[in-house]
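A short worksheet on the structure shown next.
Protein chains: 2
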Amino acid sequence: MKTREVVLVRRPVGLPKVEDFALREVELPAPSEGEVLVENLSLSVDPYMRGRMIDRRSYTSPFQVDEALTGGAIGRVAQSNHPDFAVGDHVESHLGWREAFVSGARGLRKLGELRAPPSAYLGVLGMPGKTAYVGLLDVGALQEGERVFVSGAAGAVGSAVGQIAKIKGCTVVGSAGSPAKVRHLMDDLGFDHAFDYHEGNLEKHIFAGSPQGVDVYFDNVGGDHLQAALNCMRPGGRIALCGAISQYNATAPVPGPSNLAIAIGLGLTIKGFIVSNFGERELDFARDMGAWIESGRLKYQETVVAGLDNMPQAFIGLFTGVNTGKMVVALS
Amino acid sequence: MKTREVVLVRRPVGLPKVEDFALREVELPAPSEGEVLVENLSLSVDPYMRGRMIDRRSYTSPFQVDEALTGGAIGRVAQSNHPDFAVGDHVESHLGWREAFVSGARGLRKLGELRAPPSAYLGVLGMPGKTAYVGLLDVGALQEGERVFVSGAAGAVGSAVGQIAKIKGCTVVGSAGSPAKVRHLMDDLGFDHAFDYHEGNLEKHIFAGSPQGVDVYFDNVGGDHLQAALNCMRPGGRIALCGAISQYNATAPVPGPSNLAIAIGLGLTIKGFIVSNFGERELDFARDMGAWIESGRLKYQETVVAGLDNMPQAFIGLFTGVNTGKMVVALS
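So the protein sequences, as listed, match chains A and B.
Residue numbers for the first sequence follow numbering that gives the first Met the number 0, beginning at 0 and rising by one.
Residue numbers for the second sequence follow numbering that gives the first Met the number 0, beginning at 0 and rising by one.
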């Protein structure tokens, strides 16, 4: 059987271009004993993938030129030669950026009975949702009633961060990249204050939403946002470094915050993290997030792009602010 | 009785100059009921004082122009109208930069029987020693056998950090500002590796001393040192932000590390601290440090400048690398 996958043609310089990617048709073998054939339903594009397009040592190995990209995907078992998988089972894998694949059981996770549409397992019930959960509660050590600032607040991670903080009784301020996103945060997600980071002074906006400053800053953006947040931190505050999307396409080193020494006098803790180091929180996350979703206390939005052909454009759109909530690519 | 004090004449711009300070003779009243007259023996100059010379909100209030400076001091009670203090008692106070003062009991701490010369209570047995102790063990969460890098390693804090780490069975690398200081760290203090930061690439030096990288970086310097240390950190590493002496005299904002995002993938914790928030560790510190000093496991050095007249020059010398170990001003 033939299928299609997205290949990295060359390493992007600056903002990726669609020409950095290409579709390739490949022949899939029939599944051998112990293997299954999976047809993907929903593919994930995430900002962290930009880092993997750079040829450098990091916490994951870099993507290779002329090879298919990989990433989160939700699929359905179409043929099974493995006793644990039945045709029709929904599975999560890291074999995204392709329409179908053949695999052994390793690297496949059965979703069981779905609590939400499959794509939600790439977002609020998946990696970004868990990133928000452990980043805010474990890394940020959030206490009830504290003051929270989250940047990139209309994204997959940020929108979950803000809502979890509201569930925990906190004051929540968020930044986003357009007036429509700001309205979404205020009107749909219950943020106490939200602002468009293109407009005016970041610190003023943060203090406008939380005049007494910030106990926890959840950083998805880096750069100016981190600098401004440092100026708004309260004594003993925590900064969870989750991402730095403002810098992912930089072609030269970007200076860090010139006010980092603020952390000394205020006793701040600045902590980087990746969600894969928090495996022990998987069950807590699934229980809490599932309940919040089912009760309607936590809402999620998706920006859906249709078709593998449009996947490179969907990925690039992460950096130009196309998405509100999780960006996913829907197949068929 | 007349005494002399050092006054801030104007706020320094860049590296302080002796003309930024002046000596002033003042009349001391006789101690009233409940007061004592203290004659200072040893006065402290510390890098943190530079920050207090700037007119800005911080964890301590700024020094005021035309007023006497303050800081750590060890003195001897010369007259007492307070039942808890006898003539001859040694007391620690924050009324340094002056020869004598009259005070109530508040703000005075009796040293009791001395375990070391009085000036040691401004250094290894005082604020800098305790800064090293809590910064390394509590903030840095040092584990036995880890790999430690400390900058400003020949200073009052750094030299204690390195030796405590050695006592805890760690590999210790230190940076300092001269070949003589490097020899002191290696030959006298038992560092595994030390280097002159003026010579060559900081990262290469750190890796030369600890090829597998660094678990705990104790930062006294900031700037290039912090940037280089980030590039040497091991997964789960901790950075204790204690000071940033490289920036204290900057006349424009100094960009922060451009590689801060390394903290994300490696799960680093970067934690600022001031020693005054660790009061609960006072007894542990006094017990451990006292024992280490008495047993000869931890050594200390002082750079002594004589006379209040020379105190501004002693302070300025902190930033030009005059001192090895603790810089103190001796009064007789």
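Ideal Cβ positions, reconstructed from N, Cα and C, are used throughout, including at glycine.
For the pair of segments examined, the segment 295–302 of chain A was found to touch the segment 314–323 of chain A: the number of CB pairs separated by less than 8 Å reaches three. Contact between the segment 174–192 of chain B and the segment 114–123 of chain B is absent: fewer than 3 CB-CB pairs across the two stretches fall below 8 Å.
Per DSSP, His224 of chain A is one residue of the alpha helix (DSSP H) stretching across 222–229. A direct Cα-to-Cα measurement between Ser102 of chain B and Val6 of chain B gives close to 19 Å. Interface with chain A (8 Å Cβ-Cβ cutoff): Val12 of chain B is excluded.
By the Cβ test, the segment 236–252 of chain B is in contact with the segment 242–260 of chain A, since at least three Cβ pairs between them sit closer than 8 Å.
Within chain B, the residues Ala262, Gly266, Leu267, Thr268, Ile269, Lys270 have their CB atoms less than 9 Å from the CB of Lys270 of chain A, given in chain order. The three-state secondary structure of Glu112 of chain B, taken from DSSP, is coil. Inside the segment 215–279 of chain B, DSSP marks whole beta strand (DSSP E) runs of 3 or more residues at positions 232–240, 268–271, from first to last along the chain. Interface residue (Cβ-Cβ distance to chain A less than 8 Å): Gln142 of chain B is not classified as such. For Pro254 of chain A, the nearest CB of chain B lies under 8 Å from its own CB, placing it at the interface with that chain.
For chain B, the residues of the segment 50–73 of chain A that bring a beta carbon within less than 9 Å of one of its beta carbons are Gly50, Ser57, Tyr58, Thr59, in chain order. Contact between Ile273 of chain B and Ile263 of chain A holds: their C-beta atoms lie close to 7 Å from each other, under 8 Å. Contact annotation for Ile244 of chain B against chain A: no contact, minimum CB-CB distance about 10 Å [criterion: below 9 Å]. The beta carbon of Val156 of chain A sits closer than 7 Å to those of Pro127, Thr130, Ala131, Asn219, Cys241, all from its chain and outside the five residues before and after it, given in chain order. With a beta-carbon spacing of about 6 Å, Gly74 of chain B and Glu38 of chain B fall inside the 8 Å limit used to define contacts.
Going by DSSP, His192 of chain B is part of the beta strand (DSSP E) stretching over 192–195. Each residue's CA atom was taken as its position, placing Gly33 of chain A and Gly235 of chain B some 37 Å apart.
Burial state of Leu141 of chain A is buried, judged by a 10 Å Cβ sphere holding 16 or more other Cβ atoms.
The three-state secondary structure of Ser92 of chain B, taken from DSSP, is strand. The Cβ of Leu135 of chain A sits no closer than 8 Å to any Cβ of chain B. When DSSP states are grouped into helix, strand and coil, Phe84 of chain A belongs to the coil group. Close to Ile273 of chain A, with beta-carbon spacing below 8 Å, are these residues of chain B in chain order: Ile263, Gly264, Gly266. Contact check between the segment 73–87 of chain B and the segment 279–292 of chain B: fewer than three CB pairs, one atom from each, fall below 8 Å, which does not count as touching. If you look at Gly74 of chain A, you'll find it in the beta strand (DSSP E) that goes 72–79. As computed with DSSP, Val37 of chain A is found in a beta bridge with A:Val76, A:Phe100. In the DSSP assignment, the residues bridged to Met326 of chain A are A:Thr302. In terms of Cβ geometry, Val327 of chain A and Leu136 of chain A do not form a close pair [threshold 8 Å].
Phe20 of chain B sits in a strand when the DSSP states are folded into three classes.
For Asn276 of chain B, the neighbours in chain A by C-beta distance under 8 Å run, in chain order, Gly266. Our two residues, Gly295 of chain B and Val12 of chain A, have alpha carbons roughly 57 Å apart in a direct line. Counting C-beta atoms within 10 angstroms of its own C-beta, Lys325 of chain B has 16 or more neighbours from the protein chains shown and is therefore classed as buried. Taking a beta-carbon distance threshold of 8 Å, Cys169 of chain A does not count as an interface residue toward chain B. In this structure, the beta-carbon distance from Ile238 of chain A to Leu267 of chain A falls below 8 Å.
With a threshold of 8 Å between beta carbons, Cys241 of chain B makes contact with chain A. According to the DSSP assignment, Gly128 of chain B belongs to the alpha helix (DSSP H) that extends over 126–133.
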